[in-house]
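Numbering (the working numbering), first residue to last: 100 to 381.
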């Protein structure tokens with residue numbers, strides 16, 4: 100088994116029905132897709148256990164990161180990843196990650212690029228990942244979790260499971276922990292994933308804002324003092340990455356109107372500037 104993809108689920112049936120086929124139609128690699136559903140009450144349990152494209156586990160958990168940990172502890176794949184219900188993989192994503200891993204056998208963590216879409220699947224912006232570095236991670240998180248792939252051997256040997264005290268910012272602290280533990284990281288220059296801004300994303304809710312305030316309080320003093328400098332450094336890294344010079348491209352995803360066949364969108368004017376559905380910059 101090459102990949103284990105875990106999807107934490109709770110009352111997200113419409114989005115989960117789009118996420119699952121985006122994994123199921125991956126070609127050229129072996130994989131398993133574990134859906135950890137926390138006893139949803141929105142009808143998910145009416146169909147999920149019968150969907151033979153996934154391994155459905157229905158049990159109460161302590162939140163998203165606990166659900167991911169539970170799925171990863173069941174994993175059989177060489178690589179583990181997680182894909183939230185409102186996210187998707189692009190065609191050929193897992194094969195591209197597998198090929199990169201073959202070419203870079205010493206790399207333990209692979210990060211790639213993401214397309215951000217609105218609830219109808221329309222283009223909002225793109226996010227090109229940057230290599231995670233400290234102290235950069237304290238002020239800007241340059242990666243979206245749907246484009247992160249970790250070797251299971253590294254996960255288990257270095258005990259890189261999530262700290263479940265966090266409900267929304269666990270991925271930030273997880274990434275900081277990996278950098279501190281010296282996990283060897285590689286950057287795959289390919290769009291592998293879709294992040295769907297649905298208007299109900301957890302990282303935009305009050306608890307996420309509270310956890311950001313707590314995280315800021317944990318920031319080393321010198322980082323707090325020189326935050327403007329680190330933000331300027333982040334912008335220089337973005338400029339050097341070519342994100343502002345992205346050429347037009349196509350992407351294909353499942354939508355509410357087309358849940359059984361991918362719809363292709365052409366992006367004539369790419370932008371890395373992310374303005375949310377509420378008009379606020381992200």
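Glycine residues also receive a C-beta, built at the ideal position from the N, C-alpha and C atoms. Treat the numbers as computed from the prediction; the structure is a model and nothing was measured.
Our two residues, residue 137 and residue 162, have alpha carbons roughly 8 Å apart in a direct line.
As the crow flies, the alpha-carbon of residue 193 is around 17 Å from that of residue 353. In this structure, residue 108 and residue 143 form a Cβ contact; the two beta carbons are roughly 6 Å apart against a cut-off of 8 Å.
Assignment of residue 333 by DSSP, reduced to helix, strand and coil, places it in the helix class. Contact between the region 243-253 and the region 163-181 is established, with three or more Cβ pairs separated by less than 8 Å. For residue 106, there is no enclosing alpha helix (DSSP H); the enclosing beta strand (DSSP E) covers residues 102-108. Put simply, of 149, 187 and 274 the residue whose alpha carbon is nearest the alpha carbon of residue 117 is 187.
Taking a cut-off of 8 Å for Cβ pairs, the region 234-244 and the region 273-284 touch, as three or more such pairs fall below it. Minimum Cα-Cα distance from residue 349 among the listed residues 222, 105 and 355 corresponds to 222. For residue 247, the uninterrupted beta strand (DSSP E) segment begins and ends at 247-250.
Taken atom to atom, the span from the alpha-carbon of residue 237 to that of residue 340 is near 20 Å. Less than 7 Å separates the beta-carbon of residue 283 from that of residue 207. Assigned with DSSP and collapsed to three states, residue 349 falls in strand. For residue 126 and residue 280, the gap between their C-alpha atoms comes out near 33 Å. As computed with DSSP, residue 380 is found in a beta bridge with 374.
Secondary structure remark: continuous beta strand (DSSP E) runs of at least 3 residues inside the region 233-297, in chain order: 247-250 and 284-295. 7 Å or more divides the Cβ of residue 110 from the Cβ of residue 160. Taking a contact as a CB-CB distance under 8 Å, the pair residue 196 and residue 286 does not count as one, their CB atoms being some 12 Å apart. In the structure shown, residue 173 adopts coil according to DSSP, grouped into three states.
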